[in-house]
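I have placed the structure first, in the form of structure tokens, so that the comments after it can refer back to it.
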């Protein structure tokens, strides 16, 4: 699928890089033209966007809410104690020194 | 560890400083407010409840150490989840390393460090074009298997690639910030991110069944 100026390997790099910085207009036009013509590179771009969305996801599947128990009272206390042990004085200023 | 100190700093401001302060002044209240959510999130990725508890504890301790760096550019929960995701990936990586021989691991790293060679021929064309993923991007949280495989694949990445990817996609760092933390040039950071993404999409296609060839 080596039409236009760039081949698929080059376009795949450009697609990734375009997610991290802004390209000059002419490069964007050439990349977009290639993506319009090439279904594989177009899929690649969609997949990278799915990866970005999935990595940033904070939701949990409903099933996991139902299946998973809460932290036990003992575990909560253990965690709080570990926090106290780490910083005996919980005052915010004590962490800035 | 340095990455945890910055986790979540680059996310957009969503709350007023006074609201943020009221939430971070008493870190122990985090456990009551967010503990269950973090625990459930961890259990959705790590099956062992005792490991999940440990990861939640480590997350709160890391957050406590980095509290002065929390500038309120995200909600406390978003910040804690970002730290937790790093912990989960570290745990998966540890498990993967334990199950993998040194020889296999070095082959693995070689492949992950240069995934474009396996993906493209000498002309720069796809050897095997990306498959169509049968997934609704708007309902990713319902795609449990996809998310499981994704975390496993991130855990398989070489450590610095995984760090670059997580800083960019989970913590929302700019590439300039990634360059400072990892001490690499801008060009190197783009290459690391490209290779991480290439590896992850291939890993997902190889290990997740919902693809149309």
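Protein chains in written order, with this note's numbering: chain A, 1 to 97; chain B, 1001 to 1213. All residues carry an ideal CB built from backbone N, CA and C; glycine is no exception.
If you compare the alpha carbons of B:1170, B:1141, B:1140 and B:1087 with that of residue 1054 of chain B, the shortest gap goes to B:1087.
Going by DSSP, residue 1058 of chain B is part of the alpha helix (DSSP H) stretching over 1049-1065. Within chain B, the C-beta atoms nearer than 8 Å to that of residue 83 of chain A come from 1027, 1028, 1031, 1060, 1061 and 1064, in chain order.
Chain-ordered, the chain B residues with CB closer than 7 Å to the CB of residue 75 of chain A read 1053. A distance of 9 Å or more separates the beta carbons of residue 1117 of chain B and residue 7 of chain A. 9 Å or more divides the Cβ of residue 1150 of chain B from the Cβ of residue 1164 of chain B.
With 16 or more other CB atoms across the displayed protein chains lying within 10 angstroms of its CB, residue 1171 of chain B is buried. Proximity of chain A to residue 1197 of chain B at the Cβ level (cut-off 7 Å) is accounted for by 16, 48 and 51, in chain order. Between residue 86 of chain A and residue 1061 of chain B, the beta carbon gap of about 6 Å places them in contact (Cβ cut-off 8 Å). A Cβ-Cβ distance of about 6 Å is found for the pair residue 1198 of chain B and residue 1119 of chain B, placing them in contact under the 8 Å criterion. In the displayed model, residue 22 of chain A falls within coil according to three-state DSSP, outside both helix and strand. Using a Cβ-Cβ cut-off of 9 Å, residue 1119 of chain B counts as an interface residue toward chain A, since at least one Cβ of chain A sits closer than that to its own. Beta-carbon to beta-carbon, residue 16 of chain A and residue 1039 of chain B are separated by about 34 Å, too far to satisfy the 8 Å threshold. Distance from the CA atom of residue 1147 of chain B to the CA atom of residue 1133 of chain B, rounded to whole angstroms, is 13 Å.
With fewer than 16 other Cβ atoms from the protein chains shown falling within 10 Å of its own Cβ, residue 1186 of chain B counts as exposed.
In this structure, DSSP gives residue 1120 of chain B an extended state, which the three-state scheme calls strand.
Against chain A, the beta carbon of residue 1057 of chain B has neighbours under 9 Å at 75, 78, 79, 82 and 83, listed in chain order. Boundaries cannot be given for residue 1142 of chain B, as no alpha helix (DSSP H) includes it and DSSP labels it neither H nor E.
Residue contact with chain A for residue 1036 of chain B: present (Cβ-Cβ distance below 9 Å to some residue of chain A).
From the beta-carbon of residue 43 of chain A, the residues of chain B found nearer than 9 Å are 1129, 1130, 1131, 1132 and 1133.
When the beta-carbon positions are compared, residue 44 of chain A and residue 72 of chain A stay at least 9 Å from each other. If the five residues before and after residue 80 of chain A are omitted, its C-beta is found closer than 7 Å to no C-beta atom of its own chain. Among the CB atoms of chain B, none fall inside 9 Å of the CB of residue 22 of chain A. Among the residues facing chain B, residue 55 of chain A is included, as its CB has a counterpart in that chain under 9 Å away.
Among the CB atoms of chain B, one or more fall inside 9 Å of the CB of residue 87 of chain A. About 19 Å separates the Cβ atoms of residue 1140 of chain B and residue 1196 of chain B, ruling out a contact at the 8 Å cut-off. Residue 1126 of chain B is bridged by DSSP to B:1120.
DSSP places residue 1208 of chain B outside both helix and strand once states are collapsed to three, so it counts as coil. Residue contact with chain A for residue 1155 of chain B: absent (no Cβ-Cβ distance below 9 Å to any residue of chain A). Between residue 1030 of chain B and residue 1135 of chain B, the alpha-carbon positions lie close to 34 Å from each other. Spanning the alpha carbons of residue 1094 of chain B and residue 1082 of chain B requires a straight line of approximately 19 Å.
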